[in-house]
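Taking it in order: structure first as structure tokens, then the write-up.
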Amino acid sequence: RYVAGLIGAEHLALGSDFDGAVTTPFDTTGLPLITEAMLTAGFLQPDIEMAMGGNQIRLLLENLPD
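In my numbering, each residue's number is its place in the sequence shown (first place is 1) plus 281.
Structure follows, in structure tokens:
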């Protein structure tokens, strides 16, 4: 919530690093808990969608060559 207040939800991004290159003692099954926590903290659904991947997609589409 603090960072979203500083920079805006349009600049938030979740970096999970679940690319398979590193073995971790946890997996992606806990990611829905982040969404629940964001809802509890008062984030709106569009802001959550941006942070959970929408902003990354937008960044790539705006900056990668055609």
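Think of the CB as a built atom: it goes at the ideal place given N, C-alpha and C, for glycine as much as any other residue.
| query | result |
| --- | --- |
| In this structure, does DSSP put R282 in helix, strand or coil? | coil |
| Less than 6 Å between C-beta atoms, sequence neighbours within five positions excluded: which residues of the same chain meet that for A294? | N336 and Q337 |
| Can R339 be considered in contact with the ligand SAM, in the sense that its beta carbon sits closer than 7 Å to one or more heavy atoms? | The ligand SAM is not part of the structure shown, which contains no ligands of any sort. |
| In chain order, what residues of the same chain have a beta carbon less than 8 Å from the beta carbon of I329, not counting five sequence neighbours either side? | T316, M319 and L320 |
| Here's the rule: buried if 16 or more other CB atoms are within 10 angstroms of the residue's CB, otherwise exposed. What is A290? | buried |
| Which ranges does the alpha helix (DSSP H) cover as unbroken runs of at least 4 residues, wholly within the segment 285 to 332, from first to last along the chain? | 312 to 321 and 326 to 330 |
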